[in-house]
Structure formats: C-alpha cells, structure tokens
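K.L.:
In the working numbering, the protein residues as written are 22 to 423.
Got a structure for you, questions after.
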Amino acid sequence: MKRQVVSVLLTATMAAGLLAGCGSSSTTTSQSASTGSSSGTSASTSTAASSSSTAAASTSTSATSGTSEAVASTSGSTASVGDVSGTYALVPKSAGNPFNEKEASGFQDALKALGCKDDQIIVSYPDSATADAQITVIQSLISQGVSSIAVAANDASALDAALKQASDAGIKVCTLDSDVDADYRSVFCNQAGVQEIGQALMDAVYDISGGSGEYAILSATSQATNQNAWIDAMKKIAESDDKYADLKLDEIAYGDDEAQKSTDQTQALLTKYPNLKVICSPTTVGIAAAAKVLQDQKSSVKLTGLGLPSEMKEYIGDDDSHSCPYMFLWNPIDLGALGAYASVALVNGTITGKVGDTFSAGDLNDGNPYKVTANSDGASEVILGQPFKFDPSNIDEWAAVY
Ligand code: RAM
C-alpha cells in the first residue's frame, strides 16, 4: 500500500523532474550497485514499477539480427545503437561512495538492457579517489583489451598519459561526472552545465545566508575536476555581481570524499569561524557528513550543496531542527546510463565525440537523441540535464529513487 502511494507520487514527481531536465532511471538498479543505500533498492523497484514510460522505453536486443545488434526502443520511436559485442568499462572516482555506485548501476543496467552479457561490462573501482589509483585501473583495462573506458576523473591532467596509452591501443575513451583535458577523451558526459551548477549553489548561499555574512565550501579532493570547476564558477559569479558583495568566503576545505575526513573538516570550520553562516558542500559525501555534524550539534550554521536525496532526507527541512533547507543534484543512475550509451556510440563509430554529433540514449532525454555541444572552452560535452532542487516538498519522494 505504502509503495503504491509512493509510486503515484513518484510518477508525478518524475514527470515534473523530466520537465526540469532531471530524468528517471532507464533501468532497475542492480543489487550490487545499491549496497550503500537500502532506500535506493526499494526506490529503484518503485521507479521501474511506477513509470510505464520507463518500462516501455527500456532497450532490447534486436530479435531479428541473431547477432549483437541492439535497438534502443523509446516510446514512439526506435533508434538503433548498433553493435554491442564489445567490452565496456567504467572507472568511477572511488569505491564506497553511494553516488558512484548508483552511477555504476546505471552504466551496467543500460548495457544489460542493450543485450550485453555480464562479462562484457566491467566496473573497476580505484582503491581511493586519486589519479594514481585510477592509472593502475586504466592500465589493467588496457591489458585486458577492453573496447571502451568511461572514467570519472580524479584529476584534470594526471590521467593524460594513461588515457593516451588507451587511445593508442584502439580503446575509445570518454569521461563522465568529472572531466580530463579534452585532448585525452572523445567526449565528456556532463551531469549539468558548470555555469548552471555554480549559479544554483551561489544563489543558495546568498538566499540561505540572507544575502550577507561568512560562508565556507566543503569540497571533495583538491584535484577533483568537477568540484573545482563548480567552485571556480561560484567564485566568478560572486565576483561579477555586486549582489554577492556582502558575502565572504572564509575557506575551501577538502574532505576527500571520505566521510570521516569530511566530518573532521566540518568540525574544524565551525571551530575556526565562529561567525560562519553557511557551508556549501558540492559533493554528496561532504554534504551528508556536514549535515550530520550540524544537526547533531543543533548548530545555527546552515548547509546547502549537492546531495543524494536518500542520504539527506533526515536533514532537509525549513526549521531550526534541520541543517539543510535545500540542495541540488541530478540523477546519478541516468548519468551512468549516458556514459554507457556514449561508450557504445564511440565504439561503433556512430559518434567521434565532436561538437554536433548526435546519438540515441534509450529513454534518457525523453527518448530524444543527445547532441554533443561545446562547453565554455570549446571542448565537447553532452549535458544530461539541469541541476534539480530538493527541498521539503519533494525530498521524501526522491529519497525513494536515489
Ligand atoms: C560526489 C562525487 C561526485 C560528484 C557528486 C556530486 O559523490 O565527488 O563526483 O558528482 O559528489
């Protein structure tokens, strides 16, 4: 009964989310990818069950080909994604981060829905959120002779040599979540525009602080390309408009996407800056750790940033007893699925990753093809959608999805 109610809510909310550019999962989250969050498991079940368009849009292997030709059938249209006989690898940022696990589940399930067998799908987690750990994994994938590598980079340039080695060996390389230098990947699957994310976060700091006072940023690692890009965008926005002149950024702290370090860094910020009003944490690990510290201590410091609804549900609220009035994110399962579709399109030569290329991605993007666009530096990227806001009005429904 409860699940039915949630399903109805989810259907309505996901329709709103799709309008806002935040799509639902194309496939059911696999068991292994949901280990970090029990609500994620039940949520994915509800998602699949509650959205007939999701079910209708699921991909299937072509019955007529007898080979590995796959068709991504969407409500109304059918687009061939071509051959799916390759081996497709994903290298997330690190193990033990539920965001990365959900991204991996989207990657795996999209490929399975295209007809790939388990041994054609490799998810290789590095030991830590460092470039060195990813280089070890990438070199192993090169020696295995995979067809493609999709990587969420822990550094903007430290992976360059390893990725060049992969490309030289004929492996197609794309990035997702966190990019590398454009010369060393074919395309970047970006969750949302950097400028849009920076603007959403800066405006949240402005709004929650009342327009003036001290704030701090609790980031992931100091090398993370995605967090650094969002923080740079926030700084430029703050510098370019007098509206933000009364806000003071005290410090950018780094929790390295580790729960304990993020907890310690939050505590240190509270001790160092007695006048702190807001912490902005553009990482799901950081925001969850900070939320707990602030709420447990009944701190008057408020929080915003990028968080997983399933981890942040108990901290989102408008009153003094909640640490986070609202936050943003996108669908990490869809981001993984987009990485899978981009990998298949690169391996098949449907795209090279240049600006203007288009490719089908199942039911993502409402069943419409994705177009490769140029970012502010002219580098190629595919944008999943817009950052989506989670507040007391929708957190319960979305906590059941991811
Ligand atoms: C963390 C990771 C990931 C980022 C999210 C928002 O889980 O750093 O790269 O996209 O937060």
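Backbone N, C-alpha and C define an ideal beta-carbon position, used for all residues, glycine too.
Model, not experiment: these values are computed from the prediction.
With respect to the beta strand (DSSP E) encompassing lysine 298, which residues constitute its N-terminal and C-terminal limits?
P.N.:
To locate residue 298, count along the sequence shown from 1; it is residue 277. The continuous beta strand (DSSP E) containing lysine 298 extends over residues 297-302.
K.L.:
Out of Ala363, Gln220, Asp140 and Leu350, which has the shortest C-alpha to C-alpha gap to tyrosine 265?
P.N.:
Indexing the sequence shown from 1 puts residue 265 at position 244. Ranking the options by Cα distance to tyrosine 265, first place goes to Gln220.
K.L.:
Under 7 Å, CB to any heavy atom of ligand 1. Which residues pass, going along the chain?
P.N.:
Lys114, Asn118, Phe120, Asn121, Ala173, Asp198, Ser199, Gln212, Ala241, Ala245, Asn247, Gln248, Asp278, Pro303, Thr304, Thr305, Val306, Leu327 and Leu350
K.L.:
Locate the beta strand (DSSP E) running through asparagine 211, then write down its first and last residues.
P.N.:
To locate residue 211, count along the sequence shown from 1; it is residue 190. Taken as a continuous stretch (DSSP letters only), the beta strand (DSSP E) holding asparagine 211 covers 208-211.
K.L.:
Can you tell me the Cβ-Cβ gap for valine 112 and glutamine 160, rounded? I've got them flagged as a contact below 8 Å.
P.N.:
Looking up residue 112 in the sequence shown gives position 91. Looking up residue 160 in the sequence shown gives position 139. Contact doesn't hold; Cβ gap of about 11 Å is too wide.
K.L.:
With three or more C-beta pairs closer than 8 Å as the rule, is the region 376-390 touching the region 305-314?
P.N.:
Touching, no, given that fewer than three Cβ pairs across the two stretches are closer than 8 Å.
K.L.:
Which same chain residues, not among the five before or five after alanine 171, have their C-beta less than 6 Å away from its C-beta?
P.N.:
Taking the first residue of the sequence shown as position 1, residue 171 is located at position 150. Correct list, in chain order: Leu111, Cys195, Leu197, Gly360 and Ser364.
K.L.:
Using DSSP's beta-bridge definition, name the partner residues of cysteine 137.
P.N.:
Mapped onto the sequence shown, residue 137 falls at position 116. In DSSP, cysteine 137 forms no bridge with anything.
K.L.:
Please list the terminal residues of the continuous alpha helix (DSSP H) segment that includes glycine 234.
P.N.:
In the sequence shown, the residue the question calls residue 234 occupies position 213. From DSSP, glycine 234 is part of no alpha helix (DSSP H) but of the beta strand (DSSP E) over 234-240.
K.L.:
Cβ of tryptophan 419 less than 7 Å from any chain B Cβ?
P.N.:
Of the protein chains in this structure there is only one, and it is not chain B.
K.L.:
Mind pulling the alpha helix (DSSP H) runs of 4 or more residues that sit fully within the region 267-353?
P.N.:
280-293, 305-317 and 330-333
K.L.:
Helix, strand or coil: how does DSSP classify lysine 193 here?
P.N.:
Sequence index remark: in the sequence shown, residue 193 carries index 172 (1-based). Residue state, collapsed to three classes: strand.
K.L.:
Do you know offhand how far glycine 370's Cα is from alanine 400's?
P.N.:
Within the sequence shown, residue 370 is the residue found at index 349, counting from 1. Within the sequence shown, residue 400 is the residue found at index 379, counting from 1. Each residue's Cα considered, the two are about 19 Å apart.
K.L.:
Would you be able to state if there are at least three C-beta pairs under 8 Å between the region 294-309 and the region 234-245?
P.N.:
Under the three-pair Cβ rule at 8 Å, the region 234-245 counts as touching the region 294-309.
K.L.:
With H, G and I counted as helix, E and B as strand and the rest as coil, what does DSSP make of tyrosine 227?
P.N.:
Counting from 1 along the sequence shown, the entry for residue 227 is found at position 206. Of the three classes helix, strand and coil, the one that applies to tyrosine 227 here is helix, per DSSP.
K.L.:
According to DSSP, which residues form a beta bridge with alanine 395?
P.N.:
As a position in the sequence shown, residue 395 is number 374, starting the count at 1. Answer is Ser401.
K.L.:
Following the continuous alpha helix (DSSP H) through isoleucine 156, name the residue where it begins and the one where it ends.
P.N.:
Counting from 1 along the sequence shown, the entry for residue 156 is found at position 135. Here the alpha helix (DSSP H) through isoleucine 156 covers 152-165.
K.L.:
To the nearest angstrom, how far is the alpha carbon of alanine 421 from that of glutamate 332?
P.N.:
Your numbering for residue 421 matches position 400 in the sequence shown. Your numbering for residue 332 matches position 311 in the sequence shown. So the two alpha carbons sit approximately 10 Å from each other.
K.L.:
So, for alanine 225: in the same chain, excluding its five sequence neighbours on each side, which residues have a beta-carbon less than 6 Å away from its beta-carbon?
P.N.:
One-based indexing of the sequence shown puts residue 225 at position 204. These residues qualify, in order along the chain: Thr325.
K.L.:
Considering only C-alpha positions, which residue in the set Gln318, Gly166 and Gln248 is nearest to threonine 284?
P.N.:
Here residue 284 refers to the residue found at position 263 when the sequence shown is read from its first residue. Nearest option by C-alpha distance: Gln318.
K.L.:
Pick from Gly127, Val322 and Leu132: whose alpha carbon is nearest that of aspartate 104?
P.N.:
Against the sequence shown, residue 104 aligns to sequence position 83. Of the listed residues, the one whose Cα sits closest to aspartate 104 is Leu132.
K.L.:
Are the beta-carbon atoms belonging to leucine 329 and valine 322 less than 7 Å from one another?
P.N.:
Residue 329 sits at position 308 when you count from the first residue of the sequence shown. Residue 322 sits at position 301 when you count from the first residue of the sequence shown. No, the pair does not count as a contact, with Cβ atoms beyond the cut-off.
K.L.:
Can you check which of these residues, Ala152, Gln165 and Val167, is closest to aspartate 181 by C-alpha distance?
P.N.:
Numbered from 1 along the sequence shown, position 160 holds the residue referred to as residue 181. With distances taken between Cα atoms, aspartate 181 lies closest to Ala152.
K.L.:
Might you give, ordered along the chain, the residues of its own chain that have their beta carbon closer than 6 Å to the beta carbon of aspartate 263, omitting 5 neighbours on each side?
P.N.:
As a working mapping, residue 263 is identified with position 242 in the sequence shown. So the list is empty, once near-sequence residues are dropped.
K.L.:
I'd like to know whether the C-beta atoms of leucine 327 and leucine 350 end up nearer to each other than 7 Å.
P.N.:
Locating residue 327 in the sequence shown gives position 306, where the first residue counts as 1. Locating residue 350 in the sequence shown gives position 329, where the first residue counts as 1. In this structure, leucine 350 lies closer than 7 Å to leucine 327 by Cβ.
K.L.:
In three-state terms, what does DSSP make of leucine 111?
P.N.:
Residue mapping note: residue 111 aligns to position 90 of the sequence shown, counting from 1. If DSSP states are grouped into helix, strand and coil, leucine 111 belongs with the strands.
K.L.:
Are the beta-carbon atoms belonging to isoleucine 125 and valine 102 less than 7 Å from one another?
P.N.:
Taking the sequence shown and counting its residues from 1, the one referred to as residue 125 is at position 104. Taking the sequence shown and counting its residues from 1, the one referred to as residue 102 is at position 81. Here the sequence assigns alanine to residue 125, which means isoleucine is not the residue at that position. Between alanine 125 and valine 102, the C-beta spacing is not below 7 Å.
K.L.:
Within the continuous alpha helix (DSSP H) that includes alanine 254, where are the two ends?
P.N.:
Start at 1 with the first residue of the sequence shown, and residue 254 comes out as number 233. Counting along the chain, the alpha helix (DSSP H) containing alanine 254 begins and ends at 246-261.
K.L.:
Look at the Cβ atom of lysine 269, then the Cβ atom of glycine 276, and state whether they are nearer than 7 Å.
P.N.:
Counted from its first residue, the sequence shown places residue 269 at position 248. Counted from its first residue, the sequence shown places residue 276 at position 255. For lysine 269 and glycine 276, no; Cβs fall outside 7 Å.
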